[in-house]
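S.K.: One structure is given below, represented as structure tokens, and several questions about it will come after.
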Amino acid sequence: TNEIDLVVVGPEIPLCNGVVDALQSAGVLAYGPDEAGARLEGSKAFTKNFLAKYEIPTAGYENFKEIEPALYHLSQCSMPIVIKASGLAAGKGVLICQNQKDAEAAVKDMLSGDSFGESGKEIVIEEFLEGEETSLHLICSGESFLALPMSQDHKKVGEGDTGLNTGGMGAYAPTRLVDDDMLDEYLDCIVRPTLAGLKREGVNFRGTLYIGLMLTDQGAKVLEFNVRFGDPETQVILPLLEEDLVSLLLLSARGEVLPEKISFKKSIAMVVVLASLGYPESYPKGEILSLPNELPKGSEIIHAGTAQNEEGEIISNGGRVLCSLGVAQTLEAARSLAYALCEKIDFQSKYFRRDIGHRELSRQ
Ligand code: AMP
Ligand code: GLY
-2 TNEIDLVVVG PEIPLCNGVV DALQSAGVLA YGPDEAGARL EGSKAFTKNF LAKYEIPTAG
58 YENFKEIEPA LYHLSQCSMP IVIKASGLAA GKGVLICQNQ KDAEAAVKDM LSGDSFGESG
118 KEIVIEEFLE GEETSLHLIC SGESFLALPM SQDHKKVGEG DTGLNTGGMG AYAPTRLVDD
178 DMLDEYLDCI VRPTLAGLKR EGVNFRGTLY IGLMLTDQGA KVLEFNVRFG DPETQVILPL
238 LEEDLVSLLL LSARGEVLPE KISFKKSIAM VVVLASLGYP ESYPKGEILS LPNELPKGSE
298 IIHAGTAQNE EGEIISNGGR VLCSLGVAQT LEAARSLAYA LCEKIDFQSK YFRRDIGHRE
358 LSRQ
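Each residue of the sequence shown is one higher than the last, beginning at -2 in the working numbering.
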């Protein structure tokens, strides 16, 4: 009816359920991986086996479906240890356990299906890695890809990276953590083998590949793959594009070759997430938002969990409500813009971290 020219699929659930396959069979051009490609995000157990098979660096692991062998394996492991529900869990299916007792409880809880349902019917028990996290987003078309600027998210809800894991409380890009030589190495040791491995497995991977990396003393290791743009990483990557985004997405959706390199703006972008106090647990909704009418150059408000009430007012409607974006020549300036805007936005339960970018600032 609407003669849609291109569908860009954002979230992981429809991708894992094969919406791109369905759109393609209906003759609608779609950006994103097919169901087979989306398994890189939809099954951590599959992904770990894939990484091992193609010798792509990642944490040591074992997959389990039964409680007894998993508990025996745990008794042989040193702590801390990481326990992951294999299936989709909106970022909440990863537990870092400090002792045997907590680890055993996590294994039983997941495999019994009590807390993660089907997603926890298989688990990954994984070596704990230490280092800094960063993520690499790529627009892919088979073995051809375009690497976007590397970003750093802040997953913990509290300042100083404390408290519960969230979808992400703020981000910046590009990060100085990774220089051009390091990026080239990641492309050679991680990206190319991944796309070539997928091809050997019969998957022509199209769409976004988001690689979560841990930079350890032994080099970068893959923490996870996502098959979509990250939130809030996308909010800081896209403002740096000089090229038209849609043209790039179209190349991928059509299975055409992507440019190997494009130029990016020489700016730094930072985004601070304005959440409802209580997130990622329970939080209020329906609060009226007060937003500034005019924004200084380089600032932008990005809506996430918002809605409009019957009176036409904008109200909060989710845990992560808005993003405050600053784009400038330096990290400090981008940060000032983003935080100045946070002060001009109001709603009753407004909560945000005041230390986004703290690691990068301490690197200067
Ligand atoms: P994932 O969804 O697999 O990326 O895990 C979510 C978060 O848990 C990551 O962003 C890390 O902060 C943490 N994490 C996952 N795996 C490990 C690991 N092997 N060692 C240390 N931290 C991890
Ligand atoms: N920021 C993490 C994610 O989008 O999964």
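By construction, the Cβ of each residue, glycine as well, lies at the ideal position given by its N, Cα and C atoms. These numbers come from a predicted model, not from an experiment.
Determine the DSSP secondary structure at histidine 70, reduced to helix, strand or coil.
M.R.: In the displayed model, histidine 70 falls within a helix according to three-state DSSP.
S.K.: Could you tell me whether the region 54 to 72 touches the region 135 to 145, where touching means 3 or more Cβ pairs closer than 8 angstroms?
M.R.: By the Cβ rule, the region 54 to 72 does not count as touching the region 135 to 145, because fewer than three pairs are nearer than 8 angstroms.
S.K.: What are the boundary residues of the alpha helix (DSSP H) that histidine 355 is part of?
M.R.: 355 to 359
S.K.: DSSP beta-bridge partners for aspartate 31?
M.R.: Answer is none; aspartate 31 lacks a bridge partner.
S.K.: Among Pro171, Leu195, Val25, Gly15, which has the Cα closest to the Cα of glutamate 52?
M.R.: Leu195
S.K.: According to DSSP, is proline 277 part of a helix, a strand, or is it coil?
M.R.: strand
S.K.: Could you tell me which residues DSSP puts in a beta bridge with phenylalanine 142?
M.R.: Cys137
S.K.: The alpha helix (DSSP H) that contains alanine 103, what's its start and end?
M.R.: Secondary structure note for alanine 103: its alpha helix (DSSP H) is the uninterrupted segment 97 to 108.
S.K.: So the alpha helix (DSSP H) isoleucine 234 belongs to, where does it begin and stop?
M.R.: 230 to 234
S.K.: Can you determine whether any heavy atom of ligand 2 sits closer than 8 angstroms to the C-beta of lysine 152, and answer yes or no?
M.R.: yes
S.K.: How should serine 249 be labelled, buried or exposed, when 16 other C-beta atoms within 10 angstroms of its C-beta is the threshold for buried?
M.R.: Serine 249 comes out buried.
S.K.: What residue does the alpha helix (DSSP H) around glutamate 340 start on, and which one ends it?
M.R.: 328 to 341
S.K.: Flag this pair as touching only if the region 212 to 227 and the region 250 to 266 have three or more C-beta atom pairs under 8 angstroms; answer yes or no.
M.R.: Contact fails between the region 212 to 227 and the region 250 to 266, because fewer than three Cβ pairs, one in each stretch, are under 8 angstroms apart.
S.K.: Are the beta-carbon atoms of phenylalanine 43 and serine 83 separated by less than 9 angstroms?
M.R.: Between phenylalanine 43 and serine 83, the gap from beta carbon to beta carbon is short of 9 angstroms.
S.K.: Closest by CA to leucine 12, which one among Gly204, Phe349, Gly315, Leu245?
M.R.: Gly204
S.K.: Does the Cβ of isoleucine 1 have 16 or more other Cβ atoms within 10 Å, making it buried, or fewer, making it exposed?
M.R.: Answer is exposed; the Cβ neighbour count stays below 16.
S.K.: Give the straight-line distance between the Cα atoms of cysteine 339 and lysine 89, rounded to the nearest whole angstrom.
M.R.: Cysteine 339 and lysine 89: Cα-Cα distance of roughly 27 angstroms.
S.K.: Report the option in Asn14, Ser244, Ala87, Ala33 whose CA atom is closest to the CA atom of glycine 316.
M.R.: Taking only the C-alpha atoms, the option nearest glycine 316 is Ala87.
S.K.: Going by DSSP, which residues form a beta bridge with phenylalanine 61?
M.R.: Beta-bridge pairing links phenylalanine 61 to Ile120.
S.K.: Contact defined as beta carbons within less than 8 angstroms: I believe leucine 108 pairs with alanine 67. What is the distance between those atoms, to the nearest angstrom?
M.R.: 7 angstroms
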